[in-house]
Each structure stands twice: as structure tokens, then as C-alpha cells.
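Beneath this line is the structure, given in C-alpha cells, with notes to follow.
Number of protein chains: 2
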Amino acid sequence: MTAYSTVNPETDLVLERTVDVAPELVWKAWTTPELIVRWFAPKPWSTASCEIDLQPGGKFNTVMRSPEGEDYPSTGCILVVEEGRRLVFTSGLGPGFRPQASGDDLPFTAVISIEPAGDGTRYTATALHADASVKKSHEEMGFAEGWSAALDQLVEVVKAL
Amino acid sequence: MTAYSTVNPETDLVLERTVDVAPELVWKAWTTPELIVRWFAPKPWSTASCEIDLQPGGKFNTVMRSPEGEDYPSTGCILVVEEGRRLVFTSGLGPGFRPQASGDDLPFTAVISIEPAGDGTRYTATALHADASVKKSHEEMGFAEGWSAALDQLVEVVKAL
């Protein structure tokens, strides 16, 4: 059993969409570094690298690259792996469940839920935050547009596999 | 599988002792709120209350009470439950894996390992920190003496069960 946080509209952000690719492909796209680098950062940003150790306590590290070529590394920890259905990771802890130095000013926990919907996938990405101000910052950084554009890229990538 | 952090002497603290009570009793003492309140805080402190939801994502909340009667609540999240062998929880996240507001100035992840040793238990409590300065603060707060005194209390409590 696992106790997921209840989504709180005051502190959390949710992207929910149905896409026309199979759940297995969405799962593969989220858990394969070689695929992540092809879709994770919404263009014109790119993903310079990705490392995933797909188990609780494993690392979920990405380096996003700005259009100007500046790199933004992010270090996170995988918390839950429900094969094909749910992936939970957080920037609030580093690999091995170790607390992180206060480098991350926007800590969030992502819950990626994948459910079959006809021939496609009901996709729900939730970002849990400590409070409303962190949510607001994440919202203003462009959570809705960014995560939706990335999902479009994910669909494009897996359709070409 | 679970990826535990490698213990780093520069950033982490470890209490390792062998105690003459069975592993099952040590596990019970760590996972039963009614028992936690009897041993968790080294005297003359006490534990005013404890709430545990024993599953990944579940809460691990305690209220420690100073000799002067002041309460110090702590909210944490359980990360790993390996029945009878290993319990991992963190103050770096709150219940449901949600990041916590910056209330905790001493975030750590605790790894409690319990192994049979003859008729007793080899007990290893590790506190993982983000960096050496947090470790130092935790050390100066009295980690070694406090966790060892609490373990003595744990042994006393379960022997009387």
C-alpha cells in the first residue's frame, strides 16, 4: 500500500489529458533516459542529459538546456514505481532519500499517473508543493504550458518508435 | 529493490549497537505509536503524541515535550517499510510525499536497520543529511547521546511487555 497525498487545489498543480498512444509507451517514455532527453524539455529548451535509477531511492536527474545554451541541472529521488501505472519522484530529496541542500527553490513532488483510455492513455501529472506560494511560482514559470508542450513532444517521440 | 544512500561520514551520523531484545520487539517499538510515546524522547524530555501510518507516503509525526512543558511537533513521511528489518522516514517530506515548508531547519532521513544477533538485535540508526553543516548541527544537538538513551528506553519498554 502507498499513501498518496490528496491533491489540494490551493497548493498543487495538475495536468490531465487523454493522448492517443498506449499506456505502455507513455510509461516507457517516462522511464527511459534515451527517450526522456527527446521530449522532457519544451522547445526551444532541450534536455542535455538524463539519469534514472528506476527504484525507490533511485536518482531522477535531468539537465535542461536553455535556448542560449545554459544548463540547469536538477537532482531528484524516485519514491514510487508502479510499473506501467504510476511514477512518483521528488526534488525535495536527492538520490538514496538524502535531503538536498537548499539549492532547489521550487521543491515539488511529481505524481505521474497513467491509465488506459480506449486505445489511448488518460495521463495525469500532479505537482505537489509545500504551500500556495511555491505553487504560484511554479504556475508562473509556466507549468501548464510547459508540461502540456512536453507531453505533445512525448507523444510525437513514441509514435515514431 | 530499493536504492539506499551510501553512508557518508562527512554528512551522516550513525548509531550502531547490539541490544538484548528480539528484532521483532525492536520493530514493534518503532512502529507502534502507543510504544513510541514511551521511549522516543530521551528523559527528561517526553513524547506527548505520535501518529504513524505505516506505509510509504504515510505520516510519521511526533510531538516532543521539553522538561519545561514546551511542545516541539515534527512532521515526517515514511519512505520504506521492510517488515521487521528496515524502516526509512524523512523530515524532508511531509505525509503523502509532499515537500514541507521550510519549517524544519534540520532535515534528515532516518534509516533504522534491525538484524538478528544471537538472541538479540544488531541495531543501526543512520541519519542522512544534505551536507556537513547540518550533520554538525545534529551532532551538537546531541544525536549520539540522545539516540542511544532513547534506545535504552526502548529496550526497557519492550522488556516489560
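These protein sequence lines are chains A and B, in that order.
Add 682 to the 1-based position in the first sequence for the working numbering, that's all there is to it.
Add 682 to the 1-based position in the second sequence for the working numbering, that's all there is to it.
Beta carbons: idealized from backbone N, C-alpha and C, even for Gly.
Chain-ordered neighbours of residue i on chain B, where CB pairs are closer than 7 Å
i	result
A:V762	P738
A:S774	The identity of residue 774 of chain A in the sequence shown is Gly, whereas the question assumes Ser. The answer, in chain order, is G774, L775 and P781.
A:D735	A685
A:V770	F779
Whole-Å CB distance - residue i paired with residue j, under 8 Å assumed
i	j	result
A:W721	A:V839	5 Å
A:V689	A:T803	With a Cβ gap of about 19 Å, A:V689 and A:T803 do not count as contacting.
B:L717	B:K710	7 Å
B:V837	B:V696	Contact doesn't hold; Cβ gap of about 19 Å is too wide.
A:I734	A:R767	About 17 Å separates the two Cβ atoms, so there is no contact after all.
A:T791	A:V770	7 Å
A:L761	B:L736	The pair is not a contact, with the Cβ atoms about 16 Å apart (cut-off 8 Å).
B:P781	A:T772	7 Å
A:G774	B:G774	6 Å
B:T700	B:A799	5 Å
Boundaries (first-last residue) of the alpha helix (DSSP H) holding residue i
i	result
B:T684	Unbroken run through B:T684: none, as it is neither H nor E.
A:D828	What sits at residue 828 of chain A in the sequence shown is Gly, not Asp. Counting along the chain, the alpha helix (DSSP H) containing A:G828 begins and ends at F825 to K841.
B:R720	P715 to W721
A:S819	A814 to E822
Close beta carbons around residue i, own chain, < 6 Å, minus the five adjacent residues each side
i	result
B:G739	G778 and F779
A:T757	N743 and G776
A:P755	V745
B:E698	T806
A:A723	T729 and M746
B:Q835	W721
Proximal chain A residues relative to residue i, where beta-carbon distance stays under 7 Å
i	result
B:L695	Under the 7 Å cutoff, chain A gives no residues; its nearest Cβ is about 13 Å from B:L695.
B:F790	P781
Beta-carbon proximity list for residue i, same chain, < 8 Å, skipping 5 on both sides
i	result
B:A730	V719, V745, M746, R747 and D753
A:T693	L810, H811, A812, D813, A814, V816 and K817
A:G828	P724
B:P749	P726 and W727
9 Å Cβ cut-off: residues of chain B touching residue i
i	result
A:H820	Result: empty, since nearest Cβ-Cβ is about 11 Å, beyond 9 Å.
A:T808	Correct list: empty, because the minimum Cβ distance to chain B is about 11 Å.
A:P777	A685 and S687
Where residue i meets chain B, residues with beta-carbon distance less than 8 Å
i	result
A:A783	A812 and D813
Element boundaries [beta strand (DSSP E), containing residue i]
i	result
A:E797	T791 to A799
A:E698	L695 to V701
B:A809	G802 to L810
A:S731	S728 to I734
B:D787	That residue, B:D787, is in no beta strand (DSSP E); it is neither H nor E in DSSP.
Beta-carbon proximity list for residue i, same chain, < 7 Å, skipping 5 on both sides
i	result
A:S687	L810
B:S819	L788
B:A842	none
B:E706	G766
A:D825	Here residue 825 of chain A is Phe; the residue named in the question, Asp, does not match the sequence. Only L695 and A809 meet the Cβ criterion.
Partners in chain A for residue i, counting only beta-carbon separations shorter than 9 Å
i	result
B:Y805	Residues of chain A passing the Cβ test: none, with the nearest at roughly 19 Å.
8 Å Cβ cut-off: residues of chain A touching residue i
i	result
B:G766	In chain order: nothing, as chain A lies at least about 17 Å away.
B:V701	Ordered by position in chain A, no residue passes the 8 Å Cβ test against B:V701, which lies about 25 Å from the chain.
Bridge partners - residue i, DSSP secondary structure assignment
i	result
B:V763	B:L769
B:N690	Partner(s): none; B:N690 has no beta bridge.
B:K741	B:C759
A:L775	A:P781
beta-carbon residue i near the ligand NAD non-hydrogen atom, thresh 6 Å
i	result
B:T729	No copy of the ligand NAD occurs in the structure displayed, which carries no ligand at all.
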